[in-house]
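Protein chains in written order, with UniProt numbering: chain G, 1 to 322; chain C, 1 to 322.
Built from N, CA and C at the ideal position, the CB exists for glycine as well.
One structure is given here, and the rest of the page talks about it.
There are 2 protein chains.
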Amino acid sequence: MAVYTDISEDDLTRFLADYEAGTLLSYKGIAEGVENSNFLLHTTKGAFILTLYEKRVDPNDLPFFLGLMHHLADHGLNCPLPLSRRDGELLGELSGRPAAMISFLEGMWLRKPAAKHCREVGRALADMHLAGHGFALTRKNALSVDGWRPLWDKSAGRADEVEPGLQDEIAEELDYLESHWPKTLPHGVIHADLFPDNVFFIGDQLSGLIDFYFACNDAFAYDVAICLNAWCFEKDGSFNMTKGMALLDGYEQVRPLNGAELRSLPLLARGAALRFFLTRLYDWLTTPPGALVVKKDPLEYLRKLRFHRQVKSAEEYGLVHR
Amino acid sequence: MAVYTDISEDDLTRFLADYEAGTLLSYKGIAEGVENSNFLLHTTKGAFILTLYEKRVDPNDLPFFLGLMHHLADHGLNCPLPLSRRDGELLGELSGRPAAMISFLEGMWLRKPAAKHCREVGRALADMHLAGHGFALTRKNALSVDGWRPLWDKSAGRADEVEPGLQDEIAEELDYLESHWPKTLPHGVIHADLFPDNVFFIGDQLSGLIDFYFACNDAFAYDVAICLNAWCFEKDGSFNMTKGMALLDGYEQVRPLNGAELRSLPLLARGAALRFFLTRLYDWLTTPPGALVVKKDPLEYLRKLRFHRQVKSAEEYGLVHR
Numbered sequence: 001m002a003v004y005t006d007i008s009e010d011d012l013t014r015f016l017a018d019y020e021a022g023t024l025l026s027y028k029g030i031a032e033g034v035e036n037s038n039f040l041l042h043t044t045k046g047a048f049i050l051t052l053y054e055k056r057v058d059p060n061d062l063p064f065f066l067g068l069m070h071h072l073a074d075h076g077l078n079c080p081l082p083l084s085r086r087d088g089e090l091l092g093e094l095s096g097r098p099a100a101m102i103s104f105l106e107g108m109w110l111r112k113p114a115a116k117h118c119r120e121v122g123r124a125l126a127d128m129h130l131a132g133h134g135f136a137l138t139r140k141n142a143l144s145v146d147g148w149r150p151l152w153d154k155s156a157g158r159a160d161e162v163e164p165g166l167q168d169e170i171a172e173e174l175d176y177l178e179s180h181w182p183k184t185l186p187h188g189v190i191h192a193d194l195f196p197d198n199v200f201f202i203g204d205q206l207s208g209l210i211d212f213y214f215a216c217n218d219a220f221a222y223d224v225a226i227c228l229n230a231w232c233f234e235k236d237g238s239f240n241m242t243k244g245m246a247l248l249d250g251y252e253q254v255r256p257l258n259g260a261e262l263r264s265l266p267l268l269a270r271g272a273a274l275r276f277f278l279t280r281l282y283d284w285l286t287t288p289p290g291a292l293v294v295k296k297d298p299l300e301y302l303r304k305l306r307f308h309r310q311v312k313s314a315e316e317y318g319l320v321h322r
Numbered sequence: 001m002a003v004y005t006d007i008s009e010d011d012l013t014r015f016l017a018d019y020e021a022g023t024l025l026s027y028k029g030i031a032e033g034v035e036n037s038n039f040l041l042h043t044t045k046g047a048f049i050l051t052l053y054e055k056r057v058d059p060n061d062l063p064f065f066l067g068l069m070h071h072l073a074d075h076g077l078n079c080p081l082p083l084s085r086r087d088g089e090l091l092g093e094l095s096g097r098p099a100a101m102i103s104f105l106e107g108m109w110l111r112k113p114a115a116k117h118c119r120e121v122g123r124a125l126a127d128m129h130l131a132g133h134g135f136a137l138t139r140k141n142a143l144s145v146d147g148w149r150p151l152w153d154k155s156a157g158r159a160d161e162v163e164p165g166l167q168d169e170i171a172e173e174l175d176y177l178e179s180h181w182p183k184t185l186p187h188g189v190i191h192a193d194l195f196p197d198n199v200f201f202i203g204d205q206l207s208g209l210i211d212f213y214f215a216c217n218d219a220f221a222y223d224v225a226i227c228l229n230a231w232c233f234e235k236d237g238s239f240n241m242t243k244g245m246a247l248l249d250g251y252e253q254v255r256p257l258n259g260a261e262l263r264s265l266p267l268l269a270r271g272a273a274l275r276f277f278l279t280r281l282y283d284w285l286t287t288p289p290g291a292l293v294v295k296k297d298p299l300e301y302l303r304k305l306r307f308h309r310q311v312k313s314a315e316e317y318g319l320v321h322r
């Protein structure tokens with residue numbers, strides 16, 4: 001749940017004068033996004049999302065994020081489109097914060113996705129990978145292999161509070177991943193956070209992808225590995241191979257994975273599990289009790305990491321050779 | 001800010017099957033209402049508010065609240081209209097809570113209302129008092145004079161923590177109000193909580209009233225007194241007589257106040273100030289630090305109470321004899 005910066009109707013009306021977005025009819029703070037304040041606006045021209053970027057987002061990254069959404073929408077991906085101001089800029093300022101007006105994407109995220117939805121997600125992820133081609137800006141993935149050790153160093157000393165033996169296990173894992181991480185896989189712009197709450201459906205039809213605020217340049221297959229973690233495990237911790245098969249098949253219908261990508265998939269999935277484990281562990285250890293944010297259990301990703309460590313090939317995720 | 005009960009798309013779709021509200025396109029939890037969980041829905045038939053009634057609302061009161069909104073809208077008041085289910089009921093159940101679908105009212109509440117808006121509020125309040133005529137159900141005002149002493153008894157012992165001397169001052173005030181409270185003023189259905197966040201405007205035009213969850217049967221002039229407290233003081237604590245004049249004049253354009261109502265106004269305004277002081281004091285003393293709710297300062301209403309105690313006649317609020 002987001003912490004809201006309240007905005008007054010006067011300030012908002014002044015802000016909207018820089019856009020051709022119609023006359024304001026209503027605005028409501030909405031409970032989406034942990035990083036930013038989001039409002040759902042109705043105007044005489046339709047519905048929009050107004051996002052105020054709070055301090056956890058680096059303002060220097062905003063041209064990348066907003067420019068990317070514009071580029072992807074221009075290239076046919078279903079995703080929210082940032083509105084240009086009359087002066088051509090995508091970014092304005094409201095209540096002392098960088099702010100953007102973004103088209104409202106209808107759809108709902110699925111609390112209980114099924115295999116058929118995983119197939120749609122695979123397709124949409126590959127669509128995004130292709131649509132990102134030619135986007136002029138780049139952004140390093142701060143949460144890929146180079147970023148894990150500095151993040152781990154902040155939590156390592158207290159890791160055994162979460163589970164005894166964790167400090168040694170993760171140190172060893174990190175050493176292994178750092179020395180084996182592939183450097184030459186096909187790469188481009190990836191979403192890097194395509195969890196179920198960032199994929200909208202209307203009925204069983206995928207209506208679009210949202211929340212590009214972790215997007216960056218990295219290996220495409222790493223994005224696939226993130227989705228295997230995010231979509232293909234059941235609540236009891238078991239991997240659902242039917243979902244894995246659907247996700248990989250959907251992806252390959254649009255963008256086939258090459259041999260190196262397939263061979264790297266178990267390792268990439270370990271890395272992706274470690275990445276979410278590390279950020280959750282850090283939040284777990286540092287979020288004060290009673291804070292507004294729901295703490296996510298880091299152990300969920302420790303269990304996924306241990307699963308991936310046993311996997312020998314992409315076939316075990318459900319890959320079917322086409 | 002509300003605490004949300006999350007709902008799944010499946011449950012919501014099943015819930016909506018009982019209404020003729022179109023096909024679901026999106027739903028967002030919104031940051032409005034402290035008592036309930038609210039979602040803004042888009043369907044193929046338009047926008048709706050879905051309210052899940054949380055434990056602070058007595059389910060036995062819901063037929064009164066929803067029936068009243070229906071009655072008021074039927075009688076021409078601009079307010080949200082609860083949708084009837086196919087079986088004729090206004091109330092359904094979702095995620096184990098009583099739940100209602102309500103038409104979405106466009107408009108924004110004013111963070112900085114001016115005198116012209118107070119005039120509109122006065123008019124709309126009187127419109128509501130007239131439109132409520134003939135509504136079949138009744139609900140006692142639990143937060144009128146009979147309810148204050150039990151509420152005060154819960155906080156009295158700690159009142160001096162908030163300001164030294166408060167315990168004696170409020171005890172004396174309560175004695176006075178109990179023995180002088182008028183019993184025979186014109187009465188009917190009142191809103192009882194018509195604060196700025198419950199009145200929507202589009203531009204300077206009032207678009208409607210919302211949040212009838214404190215509505216009850218009581219003296220109309222007590223509702224006017226609540227509005228004088230809620231709308232006509234400045235942030236520095238001073239009473240703005242221009243706003244008072246506008247509010248009373250707007251009200252009297254629709255429903256003139258009789259002599260007894262006018263004579264009682266200072267006393268009713270003291271009572272209204274005490275009512276909000278007491279609930280805020282209780283919340284102030286009992287809300288744990290770090291809770292999701294913003295604590296409102298009870299001293300704001302103590303200062304208003306002291307102001308009203310000096311007022312001798314309705315003219316001091318800006319009343320102009322017509």
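task: Counting only the same chain and skipping the five closest in sequence on each side, list residues whose C-beta sits under 6 Å from that of Phe104 of chain C.
output: The residue you call residue 104 of chain C lines up with position 104 of the second sequence. Here the set comprises Ala47, Phe48 and Ile49.
- request: Please name the residues in the stretch 30-53 of chain G whose beta-carbon is closer than 8 Å to at least one beta-carbon of chain C, in chain order.
  value: Here the close residues are Ile30, Ala31, Glu32, Leu40, His42 and Ala47.
query: What alpha helix (DSSP H) runs, 4 residues minimum, are completely inside the stretch 13-92 of chain C?
result: 62-74
- request: Locate the beta strand (DSSP E) running through Ala99 of chain C, then write down its first and last residues.
  value: Locating residue 99 of chain C in the second sequence gives position 99, where the first residue counts as 1. Unbroken beta strand (DSSP E) run through Ala99 of chain C: Arg97 to Ser103.
query: Taking 8 Å as the CB-CB cut-off, is Glu9 of chain C touching chain G?
result: Within the second sequence, the letter at position 9 stands for residue 9 of chain C. Closer than 8 Å: yes.
field: beta strand (DSSP E) segment containing Ser207 of chain C, residue limits
entry: The residue you call residue 207 of chain C lines up with position 207 of the second sequence. According to the DSSP assignment, Ser207 of chain C belongs to the beta strand (DSSP E) that extends over Gln205 to Leu209.
- prompt: Is the shortest distance between the beta-carbon of Arg111 of chain C and the beta-carbons of chain G less than 8 Å?
  reply: Position 111 of the second sequence, counting from 1, holds the residue named residue 111 of chain C. Closer than 8 Å to some Cβ of chain G, the Cβ of Arg111 of chain C qualifies, so yes.
Bridge partners - Val199 of chain C, DSSP secondary structure assignment: Position 199 of the second sequence, counted from the first residue, corresponds to residue 199 of chain C. For Val199 of chain C, the pairing in a beta bridge is given by DSSP as C:Leu209.
task: Would you verify that the beta carbon of Gly107 of chain G is, or is not, closer than 8 Å to some beta carbon of chain C?
output: What you label residue 107 of chain G is simply residue 107 of the first sequence in a count that begins at 1. Chain C contact via Cβ: present.
- request: Using a Cβ cut-off of 8 Å (strictly closer), state whether Lys28 of chain C contacts chain G.
  value: Mapped onto the second sequence, residue 28 of chain C falls at position 28. Lys28 of chain C counts as touching chain G.
message: With H, G and I counted as helix, E and B as strand and the rest as coil, what does DSSP make of Phe276 of chain G?
response: Stepping through the first sequence from its first residue, residue 276 of chain G is reached at position 276. Helix.
- prompt: Thinking C-alpha only, which one of C:Arg14, C:Tyr317, C:Val224 and C:Arg309 is nearest Glu169 of chain C?
  reply: By one-based count along the second sequence, residue 169 of chain C stands at place 169. Cα-wise, what sits closest to Glu169 of chain C is C:Arg309.
message: Quick check on His321 of chain C: does DSSP put it in helix, strand or coil?
response: For the purposes of this step, residue 321 of chain C is identified with residue 321 of the second sequence, where counting begins at 1. Reduced to three states, the DSSP call for His321 of chain C is coil.
Of the residues G:Glu300, G:Thr286 and G:Cys118, the one placed nearest Leu194 of chain G, counting alpha carbons only: Here residue 194 of chain G corresponds to residue number 194 of the first sequence, with the count starting at 1. Looking at the Cα atoms, G:Cys118 is the closest of the given residues.
message: What would DSSP say about Ser8 of chain G, mapped onto helix, strand or coil?
response: For this step, residue 8 of chain G is matched to residue 8 along the first sequence. Three-state result, Ser8 of chain G: coil.
query: If you measure from the beta carbon of Ile202 of chain C to each beta carbon in chain G, is any gap under 8 Å?
result: Taking the first residue of the second sequence as 1, we reach residue 202 of chain C at position 202. Closer than 8 Å: yes.
message: Just to make sure I have the definition right: I need the residues of chain C whose C-beta is within less than 7 Å of the C-beta of Leu206 of chain G. Which are they?
response: Here residue 206 of chain G refers to the residue found at position 206 of the first sequence. Within 7 Å of the CB of Leu206 of chain G, no CB atom of chain C is found; the nearest one sits about 13 Å away.
Spatial distance of Pro82 of chain C from Leu90 of chain C (CA atoms): Translated into the one-based positions of the second sequence, residue 82 of chain C becomes position 82. Translated into the one-based positions of the second sequence, residue 90 of chain C becomes position 90. Their backbone Cα atoms lie some 6 Å apart in a straight line.
query: Excluding five sequence neighbours on each side, which residues of the same chain lie with their C-beta closer than 7 Å to the C-beta of Leu319 of chain G?
result: Position 319 of the first sequence, counted from the start, is the residue given in the question as residue 319 of chain G. Within the same chain, Leu319 of chain G has close Cβ partners Leu248 and Leu262.
query: Is the stretch 234-246 of chain G touching the stretch 136-145 of chain G in the sense that three or more CB pairs, one from each, lie closer than 8 Å?
result: no
message: Check whether the stretch 67-80 of chain C and the stretch 22-35 of chain C are in contact - that is, three or more C-beta pairs closer than 8 Å.
response: no
- request: Report, in whole angstroms, the separation of the C-beta atoms of Gly188 of chain G and His129 of chain G, which I expect to be a contact under 8 Å.
  value: Mapped onto the first sequence, residue 188 of chain G falls at position 188. Mapped onto the first sequence, residue 129 of chain G falls at position 129. Rounded, the Cβ-Cβ distance is 6 Å, consistent with contact.
- prompt: Would you say Leu16 of chain G faces chain C, with C-beta separation under 8 Å as the test?
  reply: To locate residue 16 of chain G, count along the first sequence from 1; it is residue 16. For Leu16 of chain G, the answer is no, since every Cβ of chain C falls outside 8 Å of its Cβ.
- prompt: Alpha carbon to alpha carbon, how far is Gly29 of chain C from Gly29 of chain G?
  reply: Position 29 of the second sequence, counted from the first residue, corresponds to residue 29 of chain C. Position 29 of the first sequence, counted from the first residue, corresponds to residue 29 of chain G. When rounded, the distance between both Cα atoms is 9 Å.
message: Could you tell me the alpha carbon to alpha carbon distance between Arg85 of chain C and Leu16 of chain C, rounded to whole angstroms?
response: Walking along the second sequence from the start, residue 85 of chain C turns up at place 85. Walking along the second sequence from the start, residue 16 of chain C turns up at place 16. In a straight line, the C-alpha of Arg85 of chain C is about 9 Å away from that of Leu16 of chain C.
- request: Report the partner residues of Met108 of chain C according to the DSSP bridge assignment.
  value: Here residue 108 of chain C is taken as the residue at index 108 of the second sequence, counted from 1. Partner(s): C:Phe201.
query: So, is the C-beta of Leu25 of chain C closer than 8 Å to a C-beta in chain G?
result: Translated into the one-based positions of the second sequence, residue 25 of chain C becomes position 25. True, the Cβ-Cβ gap to chain G drops below 8 Å.
message: Do Leu62 of chain G and Thr44 of chain G have their beta-carbon atoms positioned less than 8 Å apart in this structure?
response: On the first sequence, residue 44 of chain G is found 44 positions in, with the first residue counted as 1. On the first sequence, residue 62 of chain G is found 62 positions in, with the first residue counted as 1. For Thr44 of chain G and Leu62 of chain G, no; Cβs fall outside 8 Å.
field: Residue span of the beta strand (DSSP E) that contains Asn217 of chain G, given as start and end
entry: Counting from one through the first sequence, the residue named residue 217 of chain G turns up at place 217. Cys216 to Ala219 is the span of the beta strand (DSSP E), which, as asked, contains Asn217 of chain G.
field: Cross-strand partners of Val189 of chain C (DSSP beta bridge)
entry: By one-based count along the second sequence, residue 189 of chain C stands at place 189. DSSP, once it has assigned bridges, lists C:Asn217 as partnering Val189 of chain C.
- prompt: Taking C-beta to C-beta, are Leu40 of chain G and Leu40 of chain C nearer than 8 Å?
  reply: Here residue 40 of chain G is taken as the residue at index 40 of the first sequence, counted from 1. Here residue 40 of chain C is taken as the residue at index 40 of the second sequence, counted from 1. Yes, they are a contact pair.
- prompt: From this set, C:Asn78, C:Asp58, C:Gly107 and C:Pro59, which residue's C-alpha is nearest Phe201 of chain C's C-alpha?
  reply: On the second sequence, residue 201 of chain C is found 201 positions in, with the first residue counted as 1. The option with the nearest alpha carbon to Phe201 of chain C is C:Gly107.
query: Got a sec, what are the start and stop residues for the alpha helix (DSSP H) Cys232 of chain G sits in?
result: Taking the first sequence and counting its residues from 1, the one referred to as residue 232 of chain G is at position 232. Element bounds for Cys232 of chain G: n/a, residue is neither H nor E.
message: Does Leu94 of chain G come out as helix, strand or coil in the three-state DSSP assignment?
response: Working through the first sequence from its first residue, we reach residue 94 of chain G at position 94. Note: Leu94 of chain G maps to strand in three-state DSSP.
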